[in-house]
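Novice: Each number in our numbering comes from the position in the sequence shown (counting from 1) with 7 added on. By construction, the Cβ of each residue, glycine as well, lies at the ideal position given by its N, Cα and C atoms.
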Amino acid sequence: MDFLHHHFTRTKNRAFSGPRFYARFHVAWLKFEKYYQLTEQAPVYVADILLHPALRKSYLSEQWKRNPAWVSNAVKAVRKIWSTEYKIYELLDKQEEKGQELDEFDRWRQKVYSTASEVKDEFDRFIYGSQVGIGQQTALQWWLEPTQRENFPLLCRMAIDIFCIPPMSTEAERIFSGARRQVRWDRSSMSAKMVEASLSIRSVPLTSYASASFFNGDMYLRLADTLRAASGCVFGTVLMLMYIRMPA
Numbered sequence: 008m009d010f011l012h013h014h015f016t017r018t019k020n021r022a023f024s025g026p027r028f029y030a031r032f033h034v035a036w037l038k039f040e041k042y043y044q045l046t047e048q049a050p051v052y053v054a055d056i057l058l059h060p061a062l063r064k065s066y067l068s069e070q071w072k073r074n075p076a077w078v079s080n081a082v083k084a085v086r087k088i089w090s091t092e093y094k095i096y097e098l099l100d101k102q103e104e105k106g107q108e109l110d111e112f113d114r115w116r117q118k119v120y121s122t123a124s125e126v127k128d129e130f131d132r133f134i135y136g137s138q139v140g141i142g143q144q145t146a147l148q149w150w151l152e153p154t155q156r157e158n159f160p161l162l163c164r165m166a167i168d169i170f171c172i173p174p175m176s177t178e179a180e181r182i183f184s185g186a187r188r189q190v191r192w193d194r195s196s197m198s199a200k201m202v203e204a205s206l207s208i209r210s211v212p213l214t215s216y217a218s219a220s221f222f223n224g225d226m227y228l229r230l231a232d233t234l235r236a237a238s239g240c241v242f243g244t245v246l247m248l249m250y251i252r253m254p255a
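#1: What does the alpha-carbon distance come out to for the pair A288 and D55?
#2: From the DSSP output, in three-state form, read off D193 for me.
#3: Quick one: using the 10 Å Cβ neighbour count with 16 as the cut-off for buried, is A146 buried or exposed?
#4: To the nearest angstrom, how far is the alpha carbon of P26 from that of Q44?
#5: In terms of alpha-carbon separation, which member of P75, S68, D128, H59 lies closest to R2?
#6: With 16 as the cutoff for other CB atoms within 10 Å, does I167 come out buried or exposed?
#7: Does the beta-carbon of H59 have 16 or more other beta-carbons within 10 angstroms, so that it is buried, or is it exposed?
#8: Grab me the residues of F260's own chain with a C-beta within less than 7 Å of its C-beta, minus the 5 sequence neighbours each way, in chain order.
#9: Note the first and the last residue of the continuous alpha helix (DSSP H) segment covering W36.
#10: If you draw a straight line from the alpha carbon of Q144 to that of A61, how long is it in whole angstroms?
#11: Please state the DSSP three-state secondary structure of M201.
#12: I need the straight-line Cα distance from R187 to E178, nearest angstrom please.
#13: Using three-state DSSP, classify I141 as helix, strand or coil.
#14: Answer with buried or exposed for R209, where buried requires no fewer than 16 other C-beta atoms within 10 angstroms of its C-beta.
#15: From G142 to M197, what does the alpha carbon distance come to, in whole angstroms?
#16: Check whether the Cβ atoms of A76 and V53 lie closer than 9 Å to each other.
#17: Are F5 and W36 closer than 9 Å when you measure CB to CB?
#18: Could you give the first and the last residue of the continuous alpha helix (DSSP H) run that contains K83?
#19: What did DSSP end up calling P160 once you bin it into helix, strand or coil?
#20: Could you tell me which of Q138, V51, R17, A204 sits nearest to R63, measuring between CA atoms?
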């Protein structure tokens, strides 16, 4: 979107050279401007920028410097997603730790670590951090690295979810339509959860972001656990391996 805005702005002066070209340019500009104004209302679009290691908040501040209110509102909207959907895992982990019996050293270490983490949470620490070039890597591949998972264990979940969102719904529609072929008349007893899990596992190798690091990551294990839970036994793991090797 920002590149298109840059392109339109750069070619605006050339459009005045010919009336026919200007008419077409003006119509295209109005249509683009309509959707560009809506990016403020799409926190996921802004989250994609804020969680990109080479962009972060400094990119937004530069690109939207004429509308500083856009930046503050956008960051606030993404922070709300972070606080309500992902930061809550920190509370759950702490509750689990409280349920365990800790010795004196563990209690001291827990106090020191919690004090250090309260200085700035993962979201603020990342978006206000320095931009990092990732070369030919995608942002998703960068977040799948073990180093990032160590530094940002909770924010990493959010980033992977954001960057796994497909740019178009074509693939999602294809998988959805595949459910019709999945549940044949002789397999009508399959539960909805089982169908969802098996289709999810089956679609992983077909996506553009599938890689060795992806299959070794937490998301792969979560899919395996989901399928195993849906089947109610270890047979789910066997099904998972079968579906990964089956053609679409």
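Specialist: In this structure, then:
#1: The displayed coordinates of the chain run from 8 to 255. Any statement about residue 288 would go beyond what the structure contains.
#2: In the sequence shown, the residue the question calls residue 193 occupies position 186. Helix at D193.
#3: Within the sequence shown, numbered from 1, the residue matching residue 146 stands at position 139. Looking at its Cβ environment, which holds 16 or more other Cβ atoms inside 10 Å, A146 is buried.
#4: Locating residue 26 in the sequence shown gives position 19, where the first residue counts as 1. Locating residue 44 in the sequence shown gives position 37, where the first residue counts as 1. If I take the Cα positions, the gap works out to 26 Å.
#5: As shown, the chain starts at 8 and ends at 255. That puts residue 2 outside it, with no answer to give.
#6: Within the sequence shown, numbered from 1, the residue matching residue 167 stands at position 160. In summary, I167 is buried, with 16 or more beta-carbon neighbours lying within 10 Å of its beta-carbon over all protein chains present.
#7: The residue labelled residue 59 in the question sits at position 52 within the sequence shown. Using a 10 angstroms sphere on the CB of H59, the tally of other CB atoms reaches 16 or more, which defines it as buried.
#8: Given a span of 8 to 255 for the chain in the structure shown, any question on residue 260 remains unanswerable.
#9: Sequence index remark: in the sequence shown, residue 36 carries index 29 (1-based). Here the alpha helix (DSSP H) through W36 covers 26-45.
#10: Here residue 144 refers to the residue found at position 137 when the sequence shown is read from its first residue. Here residue 61 refers to the residue found at position 54 when the sequence shown is read from its first residue. Their Cα atoms are separated by approximately 11 Å.
#11: Here the question's residue 201 lines up with position 194 in the sequence shown. Looking at M201 - three-state DSSP - the assignment turns out to be helix.
#12: Counting from one through the sequence shown, the residue named residue 187 turns up at place 180. Counting from one through the sequence shown, the residue named residue 178 turns up at place 171. Approximately 15 Å between the Cα atoms of the pair.
#13: Residue mapping note: residue 141 aligns to position 134 of the sequence shown, counting from 1. I141 sits in coil when the DSSP states are folded into three classes, being neither helix nor strand.
#14: For this step, residue 209 is matched to residue 202 along the sequence shown. Result: buried.
#15: Taking the first residue of the sequence shown as position 1, residue 142 is located at position 135. Taking the first residue of the sequence shown as position 1, residue 197 is located at position 190. Straight-line Cα distance between these residues: approximately 45 Å.
#16: Here residue 76 corresponds to residue number 69 of the sequence shown, with the count starting at 1. Here residue 53 corresponds to residue number 46 of the sequence shown, with the count starting at 1. Using a Cβ distance threshold of 9 Å, A76 and V53 do not count as a contacting pair.
#17: Nothing in the structure corresponds to residue 5, since the chain is present only between 8 and 255.
#18: In the sequence shown, counting from the first residue as 1, residue 83 sits at position 76. 75-88 is the span of the alpha helix (DSSP H), which, as asked, contains K83.
#19: By one-based count along the sequence shown, residue 160 stands at place 153. Here P160 sits in coil by DSSP.
#20: Reading the sequence shown from its first residue, position 56 is the one you call residue 63. The shortest C-alpha separation from R63 is found at Q138.
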